[in-house]
Amino acid sequence: MNIALDIGYANNTGTRGNGREEYAVAKTIAGHLAPMLRVHGRAVTVTDSPV
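Each residue of the sequence shown is one higher than the last, beginning at 558 in the working numbering.
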């Protein structure tokens, strides 16, 4: 199974809430989720918009 994780906006261009930027939160989640999925045999691609 192929899975794509799209981080979304480039750094410093997304929305902010609760003192956090959307990009930073999405990047952190993808950074934890991708290895977990790969351990279970999934092919994971993380896409990141250019800065």
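Here a beta-carbon is modelled for each residue, glycine too, at the ideal position from N, C-alpha and C.
Exposed or buried, Ile564, counting other C-beta atoms within 10 Å across all chains shown (16 or more means buried)?
buried
Close beta carbons around Asp605, own chain, < 7 Å, minus the five adjacent residues each side:
Same-chain partners within the cutoff: Ile564.
Judging by CA-CA distance, which residue of Thr585, Gly598, Val596, Asn559 is the nearest neighbour of Asn568?
Thr585
Cross-strand partners of Gly574 (DSSP beta bridge)
Arg577
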